[in-house]
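Structure first, then comments.
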Amino acid sequence: MERDIHHKMSLVNIEDEMKKSYMDYAMSVIIGRAIPDVRDGLKPVHRRILYAMYEMGNRHNKPYKKSARIVGDIMGKYHPHGDAAIYDTMVRMAQDFSLRYMLVDGQGNFGSIDGDPPAAMRYTESRLARISDEVLADLEKDTVDYVPNYDESLQEPSLLATRIPLLLLNGSSGIAVGMATNIPPHNLTEIIDGTIALIRNPKMIVEELMKFIPGPDFPTAGFINGREGILAAYKTGRGIIRIRARALIEKNARNDKETIVVTELPYQVNKASLIEKISELVRDKKIAGISDLRDESDREGIRVVIELKRDESSAIILNQLYKFTQMEVSFGIIMLAISDNRPQVCNLKEVLEKFIVFRQEVVVRRTRFDLARAKERAHILEGYIIALNNIDEIIKVIKAAKNPNEAAVALCAKFNLSEIQAKAILEMRLQRLTGLEREKIDAEYAEVTALIARLEGILADPQKVLRVIIDELNEIKSKYGDERRTEIVASTEDIDIEDMIVEEDMVVTISHAGYIKRNAVSLYKSQHRGGRGKVGMGTKEEDFVEKIFIASTHHYLLVFTSAGKVHWLKVYQIPQAGRAAKGKAMVNLVSLAPGERVSATLPIREFVTDKYVVMATRKGIIKKTDLAAYSNPRTGGIIAISIDDDDELVDVQLTNGDQDVFLASKRGMAIRFREDEVRDMGRTARGVRGINLDEGDDVIGVEIPAQNTFMLTVSENGYGKCTPIDEYRVQSRGGKGTINLKTVPKVGDVSGVLQVQGEEHIMLISNAGKVIRLKVQEVPVNHRITQGVKLIDLEPEEKLVGVARTTSEDKDDDTEGNGADETDVTTEENGTPEED
């Protein structure tokens, strides 16, 4: 016996055996479990679930059956694996948030987008969904090959004769051995349109196909950000797309608080986990500004409500949510499927081509089957017609026969009938002998004959086969076609918060302590000079409004700091606060070092190459740099100008490279020189001397003069004047300059300069947070060497700290300061020009 055992043993190389065994295992997993077939788009388990339910008669127009019974039938007949795995797969086929087109119609608890588990299979009921009729069509017509089941007791289809490209409609995901597939779902209408277009023009390229199939369409909707990943996936079979949740901004009219409402989630994102993550980020203070979070989702759809604190910017919070949570996710597309019995990564066109070839095979096999049945029926009808034409003789032959077999032989011999025809005649009921039945037989024979001709015509012409496929696809589209759910946008900017922000001019206010806010221009009414102004910002005692300017909500803000750095900021990212609110600390919007302050802000629509940034420091240094050098800032900012230890950046202007530069100092001096005296320097350069300052004097601003304009100069004690720009002669850079304003004690030091044309409105700002709005026409035009007139009444110890240009308001242009608003107080005009 031992000798027999040794005789049956053979020595093998273990390395070779391991390779072979592992390859067998890998191919079994790849083909038999994890990867779908490119033709019907199904894995074996999905195919067996659908076929078993079809075989049970568990159709969409029949009563539901217990899921446990269905699972048992599937497991016992076709899929000898765990019942839990089969049930989980069937559950997913019945979830509207998992499949774009559900193949199973479930009744009961089949789970939720929150990750809630389905009820046990003994409680739920299921049946095939209506669209599954198209997947299981024509199985009885020899359209596909059948193979033995696992124990060879039954036959099962090797694939289903689906009429729709299911691989793309519902997608598929699976991890095999050494490979994985991840195909996104698509819209049925678009896929059918693309398939028909490809049938009509087989030379169509992927880019042309994308006119019909622009991209995936997920059951949970949302946004697809960018088309580059889609194009890569459709051309190569691999690509990465980014999916964003859809969020709307709602504003409470009573308290001005903003609320972010999430109505659509990225595909396969668990809503409960998302809410938990947001709560965690708020608890850990990684996202500030959220006051409440709740889930108001119901049967009508998803509604996650994120309430913000007062004065918080919804744009900033929403961008943080996209960055730190699954409100934005990436989806890696790998269009891997079984083709010709091996795994293959296919592009979009290849998937559709393989489906079209498969449908051609199915239609040809179905047509051959129908033709055979039609010919069989025509053959029997021909026998009926012969019998009816010779009915008396037929009856004699039958009566003379001893038994049915003898009668059949006699009929065949006498009337040249086939055995099948003779048997059919013998089984014919006597009622078929009536005249009406004869007419029915003749009509049916004519109909069958026409059918045979049509079917033979289809088989003889491949173009007619394609026509049949197109007609069936159009019929399916009319029955199941729906609108796209997922919106595809071209780039990040297209789906950014900017889409939800109305473009409008805003008054942006920055305090000395670094608080910033924005308000609509309409909040500030026009007054006459000498008025007491309107509170534009609430401040602490030690703080005061330092800068104010007008910018569109869609503009970039280049934020220049006293340390010579520059940061990016969008105007809509600045919190919108009440008129008297202090706003938000700048350090929460841009990264500032201790002691570093915002010195200048430059609104920019786009970074063009023919513009330059001119910077001035407190010590009189001037520098010019190409605007494009600041188009790629980093976290923490980038160097805008190298600053000496005892110096700081005070102001910035934008030029075209061929203008004049005007520098003004706090002691009333000013210098005007040609911009070309300052060469274009690199971003980190120090600059050159612009003005030679006396001891104790500092530069307070820089302007770019234009023809026929005025230079508005205001002092810290509320005095101001407009001087024609021509009174400032062009000098060489680096000189002492000329007198701009007589800074006597009554007038005080210069607090601001602004180039005006004479028709605009201006705002004057005090360190107490008071703002007055004036027409420039109300400011008298004086010579360069004058003190100006009183523009604003200031309280004791109150100082004027700045001036800004604003837009006019038609409705307020003629408004008198009549105290209509409790903060609007006007006084008599005062102050007269004083000569040196």
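Per this note's numbering, the sequence shown starts with residue 793, numbered consecutively. Built from N, CA and C at the ideal position, the CB exists for glycine as well.
Where residue i falls, given that 16 or more other Cβ within 10 Å makes a residue buried
i     : result
P855  : exposed
R1158 : buried
H852  : exposed
E1267 : exposed
D1605 : Summary for D1605: the model assigns pLDDT 39, below 50, so the residue's position carries little reliability, and this model does not support an answer.
G1540 : buried
Q1445 : buried
A1242 : exposed
K1271 : exposed
N979  : buried
T1331 : Model confidence at T1331 stands at a pLDDT of 49, short of 50, so the residue's coordinates are unreliable and nothing is read from them.
L1556 : buried
I806  : exposed
R1046 : exposed
K1115 : exposed
M801  : exposed
I1212 : exposed
H871  : buried
V1154 : buried
T1226 : exposed
Start and end residues, beta strand (DSSP E) containing residue i
i     : result
H1347 : Careful: H1347 lies outside any beta strand (DSSP E) and carries neither H nor E.
N974  : A972 to I975
Y1404 : Y1404 to T1409
E948  : Q947 to P949
V1137 : R1134 to V1137
A911  : Where A911 is concerned, there is no enclosing beta strand (DSSP E), given that its DSSP letter is neither H nor E.
The ligand MG heavy atom lying under 7 Å from the CB of residue i
i     : result
L1113 : Inclusion of the ligand MG in the displayed structure is not the case, the ligand content being empty and no account of it being possible.
DSSP beta-bridge partners of residue i
i     : result
K1513 : T1505
Y1307 : A1377
V1054 : A1039 and V1096
L1446 : V1405
E1120 : R1036
T1301 : K1309 and I1340
R919  : D897
Y938  : P949
R1464 : F1454 and V1522
Q1368 : R1310
For residue i, the three-state DSSP class (helix, strand or coil)
i     : result
Y1272 : helix
G1393 : Per the sequence shown, residue 1393 should be read as Thr rather than Gly. Three-state DSSP puts T1393 in a strand.
A1498 : coil
D1162 : helix
F902  : coil
N1017 : strand
Q887  : coil
K1582 : strand
I1492 : strand
S924  : helix
M801  : coil
H773  : The shown model of the chain, from 793 to 1628, leaves out residue 773, and the question about it has no answer.
E1295 : coil
F1207 : helix
T1241 : helix
D829  : strand
D1486 : coil
I1287 : Since pLDDT at I1287 reaches only 48, below the 50 mark, its modelled position is unreliable, and the value read off the structure follows with that caveat. DSSP places I1287 in helix when its eight states are reduced to three.
G1031 : strand
G1429 : coil
Limits of the alpha helix (DSSP H) - the one that residue i falls within
i     : result
R861  : S859 to K869
T987  : L980 to R992
S813  : I806 to V821
Y846  : P836 to E847
K1215 : E1211 to E1219
I1187 : I1183 to A1192
L961  : L958 to L961
L1001 : V998 to L1001
Legend entry - beta strand (DSSP E) runs contained entirely in the stretch 1528 to 1552, provided each spans 3 or more residues: 1542 to 1548
Inset, instruction - Would you mind listing the beta strand (DSSP E) stretches within the stretch 1068 to 1116 that are 3+ residues and don't spill past its ends, in chain order? - result: 1082 to 1087 and 1096 to 1100
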